[in-house]
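To start, the structure itself, in structure tokens.
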Amino acid sequence: MTDMIELKQNCSTLNVLYVEDDAKLRDIVADYLKMLFASVVCADDGEIGLEKFQENKFDLVLTDIQMPRMNGIEMIEAIRRIQPEQEIIILTAFSESIYFMDAIRLDVSGYLMKPVDFESINQTLSRITQKIIAIQENQHYKINLEKMVQVEVEKNSVLEQEKIYNYEQTLLALVEMIERRDTYTGGHSERVAIYCKAIAKQAGCSKEDCDLIYRAGILHDIGKIVTPDAVLLKPGKLEANEYKLIQEHVTAGKEMLEKIPMYQELSIIVGSHHERYDGQGYPKGFKGEEIPFLSRIMIIADAFDAMTTNRIYKTRLSKEEALQEIRDKSGTQFDPALTEFAIIALQEIDTEIYTTQMPFGDIEKERFAYFYRDQVTGMYNQSYLDLVLLQNKNSQKYNFLCLVDLHNFSAYNQKNSWQKGDELLKAIANYLQNNCQNSLIFRFEGDDFVIMSQEEIKLPTSAIDEQLQSYDATLFSSIQTLNIKEKEFYSILDFKRSK
Numbered sequence: 051m052t053d054m055i056e057l058k059q060n061c062s063t064l065n066v067l068y069v070e071d072d073a074k075l076r077d078i079v080a081d082y083l084k085m086l087f088a089s090v091v092c093a094d095d096g097e098i099g100l101e102k103f104q105e106n107k108f109d110l111v112l113t114d115i116q117m118p119r120m121n122g123i124e125m126i127e128a129i130r131r132i133q134p135e136q137e138i139i140i141l142t143a144f145s146e147s148i149y150f151m152d153a154i155r156l157d158v159s160g161y162l163m164k165p166v167d168f169e170s171i172n173q174t175l176s177r178i179t180q181k182i183i184a185i186q187e188n189q190h191y192k193i194n195l196e197k198m199v200q201v202e203v204e205k206n207s208v209l210e211q212e213k214i215y216n217y218e219q220t221l222l223a224l225v226e227m228i229e230r231r232d233t234y235t236g237g238h239s240e241r242v243a244i245y246c247k248a249i250a251k252q253a254g255c256s257k258e259d260c261d262l263i264y265r266a267g268i269l270h271d272i273g274k275i276v277t278p279d280a281v282l283l284k285p286g287k288l289e290a291n292e293y294k295l296i297q298e299h300v301t302a303g304k305e306m307l308e309k310i311p312m313y314q315e316l317s318i319i320v321g322s323h324h325e326r327y328d329g330q331g332y333p334k335g336f337k338g339e340e341i342p343f344l345s346r347i348m349i350i351a352d353a354f355d356a357m358t359t360n361r362i363y364k365t366r367l368s369k370e371e372a373l374q375e376i377r378d379k380s381g382t383q384f385d386p387a388l389t390e391f392a393i394i395a396l397q398e399i400d401t402e403i404y405t406t407q408m409p410f411g412d413i414e415k416e417r418f419a420y421f422y423r424d425q426v427t428g429m430y431n432q433s434y435l436d437l438v439l440l441q442n443k444n445s446q447k448y449n450f451l452c453l454v455d456l457h458n459f460s461a462y463n464q465k466n467s468w469q470k471g472d473e474l475l476k477a478i479a480n481y482l483q484n485n486c487q488n489s490l491i492f493r494f495e496g497d498d499f500v501i502m503s504q505e506e507i508k509l510p511t512s513a514i515d516e517q518l519q520s521y522d523a524t525l526f527s528s529i530q531t532l533n534i535k536e537k538e539f540y541s542i543l544d545f546k547r548s549k
């Protein structure tokens with residue numbers, strides 16, 4: 051918790067410019083700031099904020115990003131030209147990567163996300179006001195420079211650490227954003243970091259190298275920020291061009307990190323974490339000792355986590371199976387000199403904690419299902435049926451499968467047009483959705499539907515036939531309900547064989 055007494059004391063002589071176009075939020079935050087600071091001046095857009103900055107001297111600027119006339123980034127750029135050392139905090143609802151990179155480029159002191167969390171604000175204000183007070187004291191004591199040399203050195207060190215902290219917090223926010231985008235990546239970076247450090251320690255690396263590879267592990271997938279959602283979030287297997295796109299995350303991450311002087315060493319490790327010992331990896335195709343030593347450790351750690359995590363189409367390996375695969379690929383994918391160190395270190399790792407690529411929560415499930423929606427009916431498509439049948443083998447969540455066959459539908463399409471056929475399919479899909487609660491509904495083989503449910507659903511063919519025959523008297527339906535466990539359906543192929 052923030053020491054509020056110290057915070058108020060530090061703020062008591064400082065003044066703030068607060069720029070926010072949301073009047074309600076501006077009033078709430080401004081009232082809070084007035085309890086801390088000597089003076090708080092408000093503006094409702096970047097243009098007015100810049101005018102007020104030019105008219106007065108402010109110790110701190112707090113600004114939103116998205117605003118009319120002049121946005122926050124444009125205003126910060128203008129302020130930097132006037133006062134390069136100005137302390138600035140961004141408070142925004144925008145988490146796109148472009149804004150994080152702008153924050154790094156403009157060297158902002160803090161980046162806070164809406165909705166407003168006053169404890170986070172207090173923590174950030176505490177750090178920055180301590181820095182401002184330190185700078186003011188530095189300026190005050192410059193007349194006694196000879197006596198204050200040691201103090202200056204120490205304070206400069208504090209300021210440098212503060213800058214490093216700001217960089218790290220911004221990059222960690224990027225990592226968090228990536229992990230929120232990608233279910234599989236959630237927790238992956240931290241696990242890889244832990245595995246890297248364990249292997250490095252077993253291999254006799256120095257404490258400095260162990261700490262270095264841990265930090266590299268946390269950031270090793272940061273380049274995925276440039277990977278399109280359509281590729282990063284795709285639950286199924288990637289096409290060749292999609293695989294090339296996701297491979298670019300290695301180079302993107304390396305280039306992102308090497309632009310920051312303090313991350314030069316990390317960028318070298320991250321830039322080779324998908325190479326292979328036999329030279330068949332990417333992006334450079336490095337072979338053997340061409341691959342940096344710590345990268346060779348990360349290659350094993352990254353692969354081990356992939357092996358022991360449940361994927362959409364691939365069940366996780368046990369720890370013993372994963373370690374055996376590492377042995378089997380020693381000399382091809384992995385450095386043989388590091389393999390035994392890795393096996394000893396990873397033997398102590400608990401991989402029984404459930405990790406999965408499957409989504410959690412309604413929003414994540416909806417985002418996941420986006421890839422499996424039928425464009426005509428809004429129901430799930432046949433690919434998703436195959437996936438759910440596969441997963442149901444272990445979870446046994448669904449017990450029954452109901453097939454709704456629509457007969458003479460091809461003739462109806464030929465007679466009335468595909469557009470009319472689509473309208474009819476939508477009507478039947480809506481009927482099924484309204485009458486099959488807590489079930490999964492799939493469009494199957496063009497003009498049929500499959501319903502998966504826990505309890506047996508009894509649909510009257512008469513009700514569906516009434517819908518169909520309101521369009522065409524030759525249309526009718528048949529319904530077949532099957533017990534999934536008894537029939538042992540684990541794929542569409544199993545289902546088709548039973549028809």
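Just so we're aligned: the sequence shown equals residues 51 to 549 in the working numbering. Cβ atoms here follow ideal geometry from the backbone N, Cα and C, with glycine treated the same way.
A387 in three-state terms, based on DSSP: helix
Identity of the residue in A128, Q487, A353, L86 nearest L64 by Cα: L86
Cβ distance (whole Å) where I140 is taken to contact L162 below 8 Å: 7 Å
Y404 classed as buried or exposed, judged by whether at least 16 other C-beta atoms fall within 10 angstroms: Because Y404 carries a pLDDT of 48, less than 50, the predicted location of this residue cannot be relied on, and the following value inherits that uncertainty. Counting Cβ neighbours within 10 Å, Y404 comes out exposed, since fewer than 16 surround it.
Where E298 falls: helix, strand or coil (DSSP): helix
Selected residue, minimal CA-CA separation from Q517, among V500, Q441, A477, L57: A477
Cβ pair count under 8 Å reaching 3, the region 338-349 against the region 241-251: yes
Rounded Cβ spacing between I534 and N449 (contact assumed at less than 8 Å): 6 Å
Through-space distance from E536 to K443, alpha-carbon basis: 12 Å
E538 - DSSP class collapsed to helix/strand/coil: coil
Contact under 7 Å by Cβ, D472 with V500: no
Reference E495, options L453, A513, K508, S489, closest by Cα: L453
Close beta carbons around K164, own chain, < 6 Å, minus the five adjacent residues each side: A143
Assigned exposure category for M117 - 16 Cβ within 10 Å defines buried: buried
Beta-carbon proximity check, A266 vs I341, cutoff 7 Å: no
Heavy atom of the ligand NAD within 6 Å of L367 beta-carbon: What this structure holds is no ligand at all, so the ligand NAD is not there to describe.
Given 8 Å, three or more beta-carbon pairs between the region 76-90 and the region 117-134: no
Closest by C-alpha distance to G303, when choosing among K369, N488, H270: H270
CB-CB length for G273 against H299, believed under 8 Å: 4 Å
Contacts around C61, its chain only, beta-carbon distance under 6 Å, and the 5 residues preceding and following it disregarded: L86, F87, T179
G428 versus E70: straight-line alpha-carbon distance, rounded: 40 Å
Spatial distance of S503 from S433 (CA atoms): 18 Å
Y448 (DSSP reduced to helix, strand or coil): coil
Reduced DSSP category for V91 - H, G, I as helix; E, B as strand; rest coil: strand
V111 in three-state terms, based on DSSP: strand
CA nearest to the CA of E370, picked from N360, F384, D400: D400
Counted within 10 angstroms of its Cβ, other Cβ atoms place L543 as buried (16 or more) or exposed: exposed
Terminal residues of the alpha helix (DSSP H) in which I268 lies: 257-269
Short Cβ contact (7 Å threshold) for L439 with S322: no
DSSP state of T179 mapped onto helix, strand, coil: helix
Three-way DSSP call (helix, strand, coil) for T401 in this model: coil
Buried/exposed call for D81, threshold 16 Cβ in 10 Å: exposed
Anticipated Cβ contact below 8 Å, T127 with D109, distance rounded: Residue 127 is actually Glu in this sequence, not Thr. Not really, about 20 Å apart at Cβ, beyond 8 Å.
Boundaries (first-last residue) of the alpha helix (DSSP H) holding T358: Element bounds for T358: n/a, residue is neither H nor E.
Y332 in three-state terms, based on DSSP: coil
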